[in-house]
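Q: This structure is in structure tokens; I'll ask about it shortly.
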Amino acid sequence: MALEIERKFLVAGEYKSFATSSERITQGYLSSASGRTVRVRILGDRGWLTIKGPSKDGGLSRFEWEMEIPLPDARALLDLCEPGVIDKTRWLVPAGDGIHTWEVDEFHGENAGLVVAEIELRSDSDAFERPSWLGPEVTGDRRYYNSMLTQHPFSTWPSR
């Protein structure tokens with residue numbers, strides 16, 4: 002069982018020229034109850050099932066368990082998910098420190114216009130370099146959780 006430690010930021014500049022790869026992601030939630038989520042994801046041509054526990058440390062960390070599942074099973078499970086599907090392109094951008102990698106999610110569909118960057122850390126005190134294209138931090142702001150974006154898409158926010 003793993004503890005996921007990550008920080009999340011809005012993107013305020015051009016990042017794609019720094020990316021080493023990108024992949025389309027479709028995901029839905031079998032459960033998006035407060036304190037636990039069960040996610041089904043199709044990442045390229047692979048399926049994944051992920052269980053996440055409640056956020057801790059102001060949204061900085063949470064329990065995460067993930068397992069690859071057969072693609073046909075992932076497709077079938079997406080049909081059972083709660084309403085609202087996340088559609089996004091994930092861009093991988095190496096951090097300047099040579100250790101970390103930024104995962105920059107460019108959302109599509111009802112969440113178009115939203116671009117969020119996440120960096121996974123080894124500890125809550127792990128230092129990292131902030132690139133020039135990074136905007137304000139939104140770690141712990143539930144509005145930016147993917148499970149919340151299925152229920153309250155970015156396009157419906159009154160002030161963006």
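Read in order, the letters of the sequence shown correspond to residues 2 to 161 in the working numbering. Glycine residues also receive a C-beta, built at the ideal position from the N, C-alpha and C atoms.
#1: Output needed for LEU44: all residues of its chain with C-beta closer than 7 Å, excluding positions within five of it in sequence on either side, in chain order.
#2: Just how far apart, CA to CA, sit LEU122 and HIS101?
#3: Identify whether PHE129 lies in helix, strand or coil by the three-state DSSP scheme.
#4: With distance defined between alpha-carbon atoms, name the residue in HIS153, VAL94, ARG76 and GLY141 nearest to GLU7.
#5: Tell me whether the beta-carbon of TRP92 lies closer than 8 Å to the beta-carbon of ILE120.
#6: What alpha helix (DSSP H) runs, 4 residues minimum, are completely inside the stretch 34 to 92?
#7: Looking at the structure shown, is LEU122 part of a helix, part of a strand, or coil, going by DSSP?
#8: Pairing CB atoms from the stretch 30 to 42 with CB atoms from the stretch 5 to 22, are three or more of them under 8 Å?
#9: Using 8 Å for Cβ pairs, my map puts SER62 next to GLU130. What's the rounded Cβ distance?
#10: Which whole-angstrom value is the C-beta distance of ALA3 and TRP66, which I expect to be below 8 Å?
#11: Thinking GLY97 and ALA13 are a contact (beta carbons under 8 Å), I'd like their distance in whole angstroms, please.
#12: How many Å lie between MET68 and PRO95 at the Cα?
#13: Output the boundary residues of the alpha helix (DSSP H) element that contains SER148.
#14: How many whole angstroms separate the CB atoms of VAL117 and TYR145, which I take to be in contact at a CB cut-off of 8 Å?
#15: Going by the beta-carbon positions, is the gap between ALA75 and VAL39 smaller than 8 Å?
#16: Measuring CA to CA, which of ALA77, ASN112, SER56 and ASP125 is closest to HIS153?
A: Taking the definition as stated:
#1: GLU24 and ILE26
#2: 8 Å
#3: coil
#4: GLY141
#5: no
#6: 72 to 79
#7: coil
#8: no
#9: Going by Cβ atoms, the distance from SER62 to GLU130 rounds to 21 Å, so no, they are not a contact pair.
#10: 7 Å
#11: Not quite, the Cβ-Cβ distance comes to about 17 Å (not below 8 Å), so this is no contact.
#12: The C-alpha of PRO95 is placed about 24 Å away from the C-alpha of MET68.
#13: Segment 147 to 152, the alpha helix (DSSP H) holding SER148.
#14: Rounded, the Cβ-Cβ distance is 6 Å, consistent with contact.
#15: no
#16: ASN112
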